[in-house]
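Everything below concerns the one structure shown next.
In this note's numbering, the protein residues as written are -10 to 70.
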């Protein structure tokens, strides 16, 4: 799940710790320049946003671009042919 975090700056370690307090297996990667974090966790997007808000961060879910299905291309699983 991709999130936009206001004033992310260098707080990526703190944000990862916040989310790991709710899911010890959470993985967080950040792009501080873009102000975005990518979260892989057993949390819903609402739970991520709530946890960050309670810690003082303003966050919103970013719509992730969907892959375009190209028959025979790298995104084709072959199940519809």
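Positions of the beta carbon are idealized from the N, C-alpha and C atoms, including for glycine.
At the level of alpha carbons, what is the spacing between residue i and residue j?
{"i": "residue -9", "j": "residue 27", "result": "5 angstroms"}
{"i": "residue -1", "j": "residue 20", "result": "10 angstroms"}
{"i": "residue 10", "j": "residue 52", "result": "25 angstroms"}
Excluding the five sequence neighbours on either side, which residues of its own chain have a C-beta within less than 6 angstroms of the C-beta of residue i, listed in chain order?
{"i": "residue 5", "result": "17"}
{"i": "residue 38", "result": "48"}
{"i": "residue 31", "result": "12"}
{"i": "residue 15", "result": "8, 9, 30"}
Quick one: is residue i buried, meaning 16 or more other Cβ sit within 10 Å of its Cβ, or exposed?
{"i": "residue -6", "result": "buried"}
{"i": "residue 13", "result": "exposed"}
{"i": "residue 3", "result": "exposed"}
{"i": "residue 23", "result": "exposed"}
Name the one or two DSSP bridge partners that residue i has.
{"i": "residue 40", "result": "The partner list for residue 40 (beta bridge, DSSP) is empty, contrary to what the question assumes."}
{"i": "residue -9", "result": "27, 51"}
{"i": "residue 20", "result": "25"}
Spatial neighbours of residue i within its chain, please: C-beta separation below 8 angstroms, excluding the five flanking residues on both sides.
{"i": "residue 42", "result": "48"}
{"i": "residue 25", "result": "-9, -8, -7, -6, -3, 19, 51"}
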